[in-house]
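Working notes, beginning with the structure itself.
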Amino acid sequence: MATLKAQIIEQLNLQEVKPEDIGDDTPLFKDGLGLDSIDALELIVLLQQHYRIRIANPEQGPEIFHSVRSIANFITAHQQQNQ
Amino acid sequence: MGGNDVWVLGGGVICGIGNNVPECIAAFRQMKPGMTTMQYLTSTHRDSFPVVEVKADNATLAAKSGLPAHISRTALLSAVAVKEAWESAKLGNIREYRVGLVSANTVGGMDKTEDFFAEYLQDNQSGRLRDVVNHECGSITELVADMLGIRHHVSTISTACSSSANAIMYGARLLKNNLVDVVIAGGTDALTRFTLNGFNTLMILDQKACRPFDDTRTGLNLGEGAGYIVMVSDAIAQKMDIQPWCKLTGYANANDAYHQTASSPDGIGNYLAMQQAMEMAGITTEDMSYINLHGTGTLNNDLSEGTAIQRLFGNAVPPASSTKSFTGHTLGASGGIEAVFAALAVKEGYLYPNAQFSHQMKELNFSPVTKFSEGNVINNVMSNSFGFGGNCSSLVFSKENS
Amino acid sequence: MNIYINGTGCVSPLETAIEGRLPSAAPLYDNIRLKAAEPDYKQWIDIKMIRRMSRVIKMGVAVAQLSLQEAGISKPEGIITGTAYGCLDDTGVFLTKMVNQNEEMLTPTAFIQSTHNTVAGQIALLLECHAYNNTFVHKGFSFEHALIDSIMQLREGKISNILAGAMDELTNHSFNILSRFNLFKHAHAGEGAACFVLSTEKGPNAIAKLKGVSVLYKPDSFEEVAADIVGFLAAHNCSQEDVDLVITGRNGDPAGDAWYEHVENKLFSELPVAHFKHLCGEYPTANAFGTWMASRIIASQEVSPAVLFKGNAPSSIKKVLLYNHHDATHHSMILLSIC
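Okay, structure coming up:
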């Protein structure tokens, strides 16, 4: 999850935020980090670029990207599926 | 004729359903929307999304417009529509008036720049300079102005999807302030890989023909084209024996100030623009005969726009439709193209159909018009254009004797 | 009806954002390419929004906030910007990725930020301002058209203030490409942003009055420009003798500067002349810097030796004429007066 946090920080250009600052379960959208719909689209590209997972429907975003842990779980589930 | 009125004398359009106004009207009459697979632009996404390209290559457009074929498609389209608009106004020699050209666009000469960039990125001394000399939005306008001999006031506006509606407003103000006698105002945009890919990153492109204001809609189709109206002030109209199409009686621009690309759920920017345009026109909701919706077909726009319309009109929403169901979203040109359609609706009593519609949106109490008709009593028409940056514009066109 | 400049803000290759005034000696730039001296933007922009903003957007928002602060208003009744090049950095980033990645795996931020009205949109967002919002993108007239639109709206009497400004940036790509057009053989390549709160009511820190703006596209001759300037002054009840200081946009390019020479010698041979592009460089909206400078000169009643080009600094500066052109095709005149 530390790698994922670093990737998120880089993709979203979260200046002055370090991986240690993001809790595994911190809500990413609205409260917590306060990300918005553009960030959600950026995260969709991140998943494609680094983990080769395609999300066709942006409406799935809020659920998958709820927290770093939910993203990590989603990635694991998809990678298991592909094996 | 009153004191400070603005008269619409004519208009010109080129878009994916017709190379001129009569062809576009025929397409509405025959229920022939213009969505197809990409034919003229090259892109790796060619088969992924239907688009509404102007059905002519650059060589054909060059012959029609009088500009050279190597010039940006954005300028070629603009020239064709400006010429049609000027001719339809029947004002004679353009050099006899203080003419203003206010032309909006979002892409400028990007169709050429993106070709240049491929070579330039390999080596920053390569790439043909003539492909970027007209990159700027303003350069596109000047290519057309210079060709037609328009010098008195030449301007360009760029506010995303509301651009050409704002151009029309600025043009009307120039007339009222006696800075020009005649204004040709509207906009142009050509389809480019830059725009196609940009919209694709926002995940709002439909992989099928778009369904504006339909409950099952999933996005927009990109289009391209150009549309302009010719306007004169009262002072000029009184001097000449003119046959106006209608009057531009109201206009307003308001900002949603909610998010960079998404509209607020209650559509406050949309609401304010419509309300203020109608207030300026001096009409009530009962006087509105038809609304040409912004209606892109995205989940977000149609809901916000529909919500704002319901807030304004209550249970008595007038006939409304999105002509983007035929033309696609022509971005910087949309306000101009739809202004021509709106003005013509007043002149000829047209109601335009909203294609690809079957399911009323569950949040709304109205459905769009689905059949073309003419000879209706159309006194006032409102045209909406809502763009990125929360930029919301509405125009009201009215019959002469109002 | 009077139009007051109640607040200004400027980001330029000088420390104008912090100092708010001109240097006493002209700087010696060792590079043909001038870079804006950027303030700490965090004082005006929330860090969550800054992360997406390119330099031109930050510059634009900063000068907007500076001018609103000086004018003492929190929300203007209109926002009008002018930019010839738009958001070049984001355009370049998106284009580069699009070409290099063959249109795959592209991200939305650069595309969204590349639209020309992003600055005006972001200002509205930050201030939650629902008022009129427009952006002009017409080359060397982008700033002047923003002023003309502002004047027309204020004349309608429905609103009493407008925020009007202009900004353009230079990126590595744009500098390379513009250089290939030989634009910087003599002139410095510049960038910057300037904003003004224009109001029909005089504010507590009112700086100057904006008397008039006029533009002239592709004049045929020096004589046509000279005649236009005389007509412009007359339209504002001003004779050539009434002008106390002339400011011109000479940039070191001999062919371009010939226009200024003619106007200075033919119409204002007895008057002191100041210039500004040796401070901010040449770019399509440089006249916004020129106007900022003109307004500060009126407010302070001082003409710094750093900007005086010809003649002696006048003891009383009531009327200032600013004559500028970009590329010899886009000429403009702005008349400012004391409050």
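For the protein sequence lines, the chains are A, B and C, in the order given.
Mind the numbering: the first sequence is residues 2 to 84 in this note's numbering, read in order.
Mind the numbering: the second sequence is residues 773 to 1174 in this note's numbering, read in order.
Mind the numbering: the third sequence is residues 1450 to 1788 in this note's numbering, read in order.
Glycine included, C-beta positions come from ideal geometry on N, C-alpha and C.
If you're wondering where the values come from, they're calculated on a predicted model, not measured in any experiment.
Original post:
Should I1766 (chain C) be flagged as near chain A, meaning a C-beta pair shorter than 8 Å?
Top reply: Within the third sequence, numbered from 1, the residue matching residue 1766 (chain C) stands at position 317. Judged by the 8 Å Cβ criterion, I1766 (chain C) is not in contact with chain A.
**OP:** Could you work out which residue in B:G1161, B:M975 and B:S898 is closest to I60 (chain A) when comparing CA atoms only?
**Re:** Your numbering for residue 60 (chain A) matches position 59 in the first sequence. For clarity, residue 60 (chain A) is Glu in the given sequence; the question names Ile instead. With distances taken between Cα atoms, E60 (chain A) lies closest to B:M975.
**OP:** Jot down the residue ranges of each uninterrupted beta strand (DSSP E) in the region 1562-1619 of chain C, minimum 3 residues, whole runs only, in chain order.
**Re:** Listed in chain order, the beta strand (DSSP E) elements of length 3 or more contained wholly in the region 1562-1619 of chain C are 1581-1585 and 1610-1617.
Original post:
To the nearest angstrom, how far is it from the Cα of H1779 (chain C) to the Cα of N1773 (chain C)?
Top reply: Residue 1779 (chain C) sits at position 330 when you count from the first residue of the third sequence. Residue 1773 (chain C) sits at position 324 when you count from the first residue of the third sequence. Roughly 8 Å separates the two Cα atoms.
Subject >> Close beta carbons around S979 (chain B), own chain, < 7 Å, minus the five adjacent residues each side >> reply: Position 207 of the second sequence, counting from 1, holds the residue named residue 979 (chain B). Reading off the sequence, residue 979 (chain B) comes out as Gln, not Ser. Within the same chain, Cβ atoms closer than 7 Å to the Cβ of Q979 (chain B) are found at S820 and F821, the five residues on either side in sequence being excluded.
Original post:
Can we say the region 1551-1570 of chain C touches the region 1145-1162 of chain B, given the rule of at least three CB pairs closer than 8 Å?
Top reply: Touching, yes.
Original post:
When you check each C-beta in the region 12-34 of chain A against every C-beta of chain C, which residues fall closer than 8 Å?
Top reply: From the region 12-34 of chain A, only Q12, L13, N14, L15, Q16 and E17 have a Cβ closer than 8 Å to chain C.
Original post:
Is D37 (chain A) helix, strand or coil by DSSP?
Top reply: Counted from its first residue, the first sequence places residue 37 (chain A) at position 36. The three-state secondary structure of D37 (chain A), taken from DSSP, is coil.
Original post:
Who are the Cβ neighbours of G963 (chain B) in its own chain at under 7 Å, not counting the five residues just before and after it?
Top reply: By 1-based counting over the second sequence, the position of residue 963 (chain B) is 191. According to the sequence provided, residue 963 (chain B) is Leu. The question's Gly does not apply to it. Excluding its 5 nearest sequence neighbours in each direction, L963 (chain B) has C-beta neighbours in its own chain below 7 Å: L813, V823, E825, L994 and E996, listed in chain order.
**OP:** Closer than 8 Å by beta-carbon distance: list the chain A residues that pair up with K1507 (chain C), in chain order.
**Re:** As a working note, residue 1507 (chain C) is residue 58 in the third sequence. None at all; the shortest Cβ gap to chain A is about 12 Å.
**OP:** Would you mind telling me which residues of chain A sit closer than 8 Å to Q1032 (chain B), beta carbon to beta carbon, in chain order?
**Re:** Taking the first residue of the second sequence as position 1, residue 1032 (chain B) is located at position 260. One finds I39 in chain A with Cβ atoms closer than 8 Å to the Cβ of Q1032 (chain B), taken in chain order.
Original post:
G1121 (chain B) CB to nearest chain C CB: under 8 Å?
Top reply: One-based indexing of the second sequence puts residue 1121 (chain B) at position 349. Interface residue (Cβ-Cβ distance to chain C less than 8 Å): G1121 (chain B) is not classified as such.
Subject >> DSSP three-state assignment for C787 (chain B), whether helix, strand or coil >> reply: The residue labelled residue 787 (chain B) in the question sits at position 15 within the second sequence. The answer is strand: DSSP assigns C787 (chain B) an E or B state.
Original post:
In chain C, which residues lie with their C-beta within 7 Å of the C-beta of V904 (chain B)?
Top reply: Locating residue 904 (chain B) in the second sequence gives position 132, counting from the first residue. Per Cβ cutoff of 7 Å: I1626.
**OP:** Quick one: give me the first and last residue of the beta strand (DSSP E) that F1158 (chain B) is part of.
**Re:** Here residue 1158 (chain B) corresponds to residue number 386 of the second sequence, with the count starting at 1. First-last of the beta strand (DSSP E) with F1158 (chain B): N1152 to G1159.
Original post:
CB-CB under 7 Å to D26 (chain A), same chain, minus the five flanking residues each way: which ones, in chain order?
Top reply: For the purposes of this step, residue 26 (chain A) is taken as the residue at position 25 of the first sequence. Around D26 (chain A): S68 and R70.
Subject >> Which listed residue (C:M1616, C:D1702 and C:I1783) has its alpha carbon closest to that of K1634 (chain C) >> reply: Translated into the one-based positions of the third sequence, residue 1634 (chain C) becomes position 185. Of the candidates C:M1616, C:D1702 and C:I1783, C:D1702 places its Cα closest to the Cα of K1634 (chain C).
Subject >> Length of the line joining the Cα atoms of M773 (chain B) and L1020 (chain B) >> reply: On the second sequence, residue 773 (chain B) is found 1 positions in, with the first residue counted as 1. On the second sequence, residue 1020 (chain B) is found 248 positions in, with the first residue counted as 1. Caution applies to M773 (chain B), whose pLDDT of 39 falls short of 50 and renders its modelled position unreliable; the model cannot decide the point.
Subject >> CB contact below 8 Å: T816 (chain B) versus chain A >> reply: Here the question's residue 816 (chain B) lines up with position 44 in the second sequence. Judged by the 8 Å Cβ criterion, T816 (chain B) is not in contact with chain A.
**OP:** My understanding is that Y1062 (chain B) touches P1016 (chain B), with C-beta atoms under 8 Å, so please give their C-beta distance in whole angstroms.
**Re:** As a position in the second sequence, residue 1062 (chain B) is number 290, starting the count at 1. As a position in the second sequence, residue 1016 (chain B) is number 244, starting the count at 1. The Cβ separation is near 19 Å, so there is no contact.
**OP:** Find the residues of chain B that neighbour A1569 (chain C), judging by a C-beta separation of less than 9 Å, and give them in chain order.
**Re:** Start at 1 with the first residue of the third sequence, and residue 1569 (chain C) comes out as number 120. Ordered by position in chain B, the residues that pass the 9 Å Cβ test against A1569 (chain C) are T931, N1027, G1161 and N1163.
Original post:
Is it the case that the Cβ atoms of F966 (chain B) and M1133 (chain B) are separated by a distance below 8 Å?
Top reply: Within the second sequence, the letter at position 194 stands for residue 966 (chain B). Within the second sequence, the letter at position 361 stands for residue 1133 (chain B). With contacts defined by Cβ atoms closer than 8 Å, F966 (chain B) and M1133 (chain B) do not form a contacting pair.
**OP:** Look up C1644 (chain C) in the DSSP assignment and give the residues it is bridged to.
**Re:** Locating residue 1644 (chain C) in the third sequence gives position 195, where the first residue counts as 1. In the DSSP output, where bridge partners are listed per residue, C1644 (chain C) has C:G1458 and C:G1614.
Original post:
Relative to the C-alpha of A41 (chain A), which residue among A:L29, A:Q50 and A:M2 is closest?
Top reply: Residue mapping note: residue 41 (chain A) aligns to position 40 of the first sequence, counting from 1. Closest by alpha carbon: A:L29.
**OP:** On a CA-only basis, which of B:C909, B:D903, B:L977 and B:N969 is nearest G959 (chain B)? Give me that one, please.
**Re:** In the second sequence, counting from the first residue as 1, residue 959 (chain B) sits at position 187. If we check each option's Cα against that of G959 (chain B), B:C909 comes out closest.
Original post:
Using a beta-carbon distance cut-off of less than 7 Å, what residues from the region 41-68 of chain A approach chain C?
Top reply: So the close ones are L42, E43, V46, Q49 and Q50.
**OP:** Mark V926 (chain B) as exposed unless 16 or more other C-beta atoms lie within 10 angstroms of its C-beta, in which case mark it buried.
**Re:** What you label residue 926 (chain B) is simply residue 154 of the second sequence in a count that begins at 1. For V926 (chain B), the number of other beta carbons within 10 angstroms of its own is at least 16, and it is reported as buried.
Subject >> Rounded C-alpha distance that separates V871 (chain B) from V785 (chain B) >> reply: Taking the first residue of the second sequence as 1, we reach residue 871 (chain B) at position 99. Taking the first residue of the second sequence as 1, we reach residue 785 (chain B) at position 13. A straight line joining the alpha-carbon of V871 (chain B) with that of V785 (chain B) spans about 19 Å.
**OP:** Determine the burial state of D1013 (chain B): buried for a count of at least 16 other Cβ atoms within 10 Å of its Cβ, exposed for fewer.
**Re:** Here residue 1013 (chain B) corresponds to residue number 241 of the second sequence, with the count starting at 1. An exposed status is given to D1013 (chain B), since fewer than 16 other beta-carbon atoms sit within 10 Å of its beta-carbon.
Original post:
Which whole-angstrom value describes the C-beta separation of E856 (chain B) and V793 (chain B), a residue pair presumed to lie in contact below a C-beta threshold of 8 Å?
Top reply: Residue numbering aside, residue 856 (chain B) sits at position 84 when the second sequence is read from its first letter. Residue numbering aside, residue 793 (chain B) sits at position 21 when the second sequence is read from its first letter. Their Cβ separation, rounded to whole angstroms, is 7 Å, which keeps E856 (chain B) and V793 (chain B) in contact under 8 Å.
Original post:
Among the residues of its own chain, which have a CB less than 6 Å from the CB of C1644 (chain C), if the five just before and after it don't count?
Top reply: Taking the first residue of the third sequence as 1, we reach residue 1644 (chain C) at position 195. Closer than 6 Å at Cβ, skipping near neighbours: G1458, V1512, A1513, S1516 and G1614.
Original post:
With which residues is K1019 (chain B) paired in a DSSP beta bridge?
Top reply: Mapped onto the second sequence, residue 1019 (chain B) falls at position 247. As a beta-bridge residue in DSSP terms, K1019 (chain B) pairs with B:W779 and B:S1170.
**OP:** Taking only runs that begin and end inside the region 4-70 of chain A, name each unbroken alpha helix (DSSP H) of 4 or more residues, in chain order.
**Re:** Fully enclosed alpha helix (DSSP H) runs of 4 or longer: 38-52 and 62-65.
**OP:** Give the interface partners of I1783 (chain C) over in chain A, defined as CB-CB distance under 9 Å, in chain order.
**Re:** As a position in the third sequence, residue 1783 (chain C) is number 334, starting the count at 1. Listed along chain A, no residue sits closer than 9 Å to I1783 (chain C) by beta-carbon distance, the nearest being about 38 Å off.
Original post:
When you compare only the Cα positions, how much space is there between M1498 (chain C) and W1708 (chain C)?
Top reply: Start at 1 with the first residue of the third sequence, and residue 1498 (chain C) comes out as number 49. Start at 1 with the first residue of the third sequence, and residue 1708 (chain C) comes out as number 259. The alpha-carbon atoms of M1498 (chain C) and W1708 (chain C) are separated by roughly 43 Å.
Subject >> Limits of the unbroken alpha helix (DSSP H) element including G1104 (chain B) >> reply: Within the second sequence, the letter at position 332 stands for residue 1104 (chain B). Neither: G1104 (chain B) is in no alpha helix (DSSP H) and is coded neither H nor E.
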